[in-house]
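Student: Input: one structure, supplied below.
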Amino acid sequence: MRHWRSALAYTGVLTLGYLAGASGVSPFRPAAAQDKALSKPNAKLSAAIIALSEAADSQKTDGNYEAITQGVNSFLVLSGGGNARADLESGSGVDPETYGALYAGQAIPELADQITKDDNGRLTFNGQVIQMYSKSKLQRVYANRLKLAGTR
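Per our numbering, the sequence shown starts with residue 12, numbered consecutively.
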């Protein structure tokens, strides 16, 4: 008789918990901060995106910026400029943002057909494996970014 009451009590608590969760009565709500942040950019984010785009245009006018992916390459802009096309064609490596965008299929249309994957799934440009900058080059670029930002 005692086990029967315990089983009934456990079943009741489990049922109440299920009903509370399914009906949304619980005081706990799922985290939705990220969803809201992604769906509606705030004014500061919009201003930063506009400023980045204007900086890219300025660097391009000065001959210090060439991206090979769709949209603004913030890595190149914040590093003082760069030429992603020359980096790609030299085979010495591309910046991390360019690499990520190429991997995601965001190459500019004029280069898209030349960027494929080999049998091992590696990105290639005209048959040559695309690599990211070497560690030493990344260190130099990040040091320059800090210098440009006035923090070093």
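The beta-carbon is built from N, C-alpha and C at its ideal position, and this holds for glycine as well.
Buried or exposed: where does Val140 fall if 16 or more other Cβ atoms within 10 Å of its Cβ makes it buried?
Tutor: exposed
Student: Using the rule of at least 16 other Cβ atoms within 10 Å of the residue's Cβ for burial, across every protein chain shown, is Asn131 buried or exposed?
Tutor: exposed
Student: Mapping the DSSP letters down to three states, classify Tyr76 as helix, strand or coil.
Tutor: strand
Student: So does the segment 82-99 actually touch the segment 143-159, counting three or more Cβ pairs closer than 8 Å?
Tutor: yes
Student: Could you tell me which of Gly138, Ala118, Ala95, Ala66 sits nearest to Asp129, measuring between CA atoms?
Tutor: Gly138
Student: In terms of residues, what are the limits of the beta strand (DSSP E) holding Thr135?
Tutor: Thr135: member of the beta strand (DSSP E) spanning 134-136, first to last residue.
Student: Taking the C-alpha atoms as reference points, what is the distance between Thr162 and Ser101?
Tutor: 32 Å
Student: Does the separation of the CB atoms of Thr109 and Ile79 fall below 8 Å?
Tutor: Closer than 8 Å, so yes.
Student: If we count the other Cβ atoms within 10 Å of its Cβ and call it buried at 16 or more, is Leu99 buried or exposed?
Tutor: buried
Student: Span of the alpha helix (DSSP H) holding Thr109?
Tutor: 107-114
Student: Buried or exposed: where does Tyr76 fall if 16 or more other Cβ atoms within 10 Å of its Cβ makes it buried?
Tutor: buried
Student: Taking the beta carbon of Asp124 as the centre, do at least 16 other beta carbons fall within 10 Å, making it buried, or is it exposed?
Tutor: exposed
Student: On the three-state DSSP scale, how would you describe Gln70?
Tutor: helix
Student: Does the distance from the CB of Gln81 to the CB of Ile126 come in under 8 Å?
Tutor: no
Student: Which residue's Cα is closest to the Cα of Asp73: Gly92, Ser147, Ser64, Lys55?
Tutor: Selection Gly92, Ser147, Ser64, Lys55 evaluated against Asp73 yields Gly92 as nearest (Cα-Cα).
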